Amino acid sequence: MLDTRKPDDFAAGHVPGSINIGIDGQFAPWVGALIPTDQTLMIVCESGREDEVITRLTRVGYDRVLGYLEGGIAAWTQAGMDTDTVTRITATELAERLAAKPELNIIDARKEGEWTAQNLPQAKNIALDDLNMKFNELPTGSTMHIHCAGGYRSMIYASILKSRGIHDLVDVIGGFGAIKDTTGLETSAYVCPSTLKLEEEKAAAVAHADGESPKGFMGWLKSLLG
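At position 115 of the sequence shown the residue is numbered 263 (our numbering), and the sequence of numbers has no breaks.
Set out below in structure tokens:
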């Protein structure tokens, strides 16, 4: 079941096991990246946007849409069906938890390039793009505090984890942007992505000339820049 509502609405109540990819964000790219085109889908969306969602799915190759939940999540709830929620905290609350527990389990869902450009040193980077491939690398021994850049991807991330039976998690509202702007938490020094890309290209050329592994060499370079 695909829930295309806003992250706030999904967090407040959703059909258990459903995946949240908001129609008002980068909808088509993330649907394409995370859901096979032959997947049969049932839609939960905001009232009045049913045709829009189905049309946009069809345009990118998803033509096995069974339909939508008539009346949305409100009708589901009124029918006495179970709902699930996603716990959310502010960036300030994250900082408070981190002060009390420095080894807090934090997952950065952004792309590797975003993480390398600037990050919260305590966070582990497992990008949403790589979640399926690196699922077994998730640190599940304690509550996962998930953030992305602004809150869109982290809710997708949380919904996927919950659909797979991982419920000990919280979503950080506002993502890394809020962490930087409102908490005073120490972050890594900012590295311009274009500068990083140029340095990586130089590193790859040097590694190739020296007969070294470009991947290993660039990992060393990133550790210096980070």
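We put the CB at the ideal spot given by N, CA and C, even for glycine.
Quick caveat: nothing in here was measured; it's all calculated off a predicted structure.
The segment 183-201 and the segment 266-278 do not touch, with fewer than 3 CB-CB distances between them shorter than 8 Å.
Secondary structure at aspartate 156: helix, using DSSP grouped into helix, strand and coil.
Judged by DSSP in its simplified three-state form, valine 163 adopts coil rather than helix or strand. By the Cβ-count criterion, arginine 258 is buried, with 16 or more other Cβ atoms from all chains shown falling within 10 Å of its own Cβ.
In this chain, the alpha helix (DSSP H) harbouring aspartate 199 covers 198-207. In this structure, the CA atom of leucine 242 is about 10 Å from the CA atom of alanine 326. Going by C-alpha positions, leucine 333 is about 16 Å away from isoleucine 294. Per DSSP, valine 234 lies in no alpha helix (DSSP H) segment and is marked neither H nor E. Taken in chain order, the unbroken stretches of alpha helix (DSSP H) that lie wholly in the segment 285-354 and span 4 residues or more are 300-311, 323-330. Annotated as proximal: threonine 288 and isoleucine 314, with beta-carbon spacing under 8 Å. Aspartate 151 is bridged by DSSP to Asn168, Val192.
For alanine 271, the enclosing beta strand (DSSP E) stretches over residues 271-273.
Contact between isoleucine 254 and leucine 279 does not hold, since the beta-carbon distance rounds to 16 Å and is not under 8 Å. Aspartate 256 has Asn273, His295 as its beta-bridge partners, per DSSP.
Residue range 175-182 is occupied by the alpha helix (DSSP H) that includes glycine 180. Nearest C-alpha to aspartate 156 among Asp319, Thr185, Thr188: Asp319.
The C-beta distance from arginine 212 to phenylalanine 175 rounds to 17 Å, too long to meet the 8 Å contact threshold.
Annotation: the continuous beta strand (DSSP E) that includes glycine 215 extends over 213-216. Of all alpha-carbon atoms in Thr206, Leu246, Glu244, Ser195, the one lying nearest the alpha-carbon of alanine 222 is that of Ser195. A residue is called buried once 16 or more other Cβ atoms fall within 10 Å of its Cβ, and arginine 312, having fewer, is exposed. Rounded to the nearest whole angstrom, the CA to CA distance from glutamine 187 to aspartate 172 is 22 Å. In the DSSP assignment, glycine 219 falls outside any alpha helix (DSSP H) and carries neither an H nor an E.
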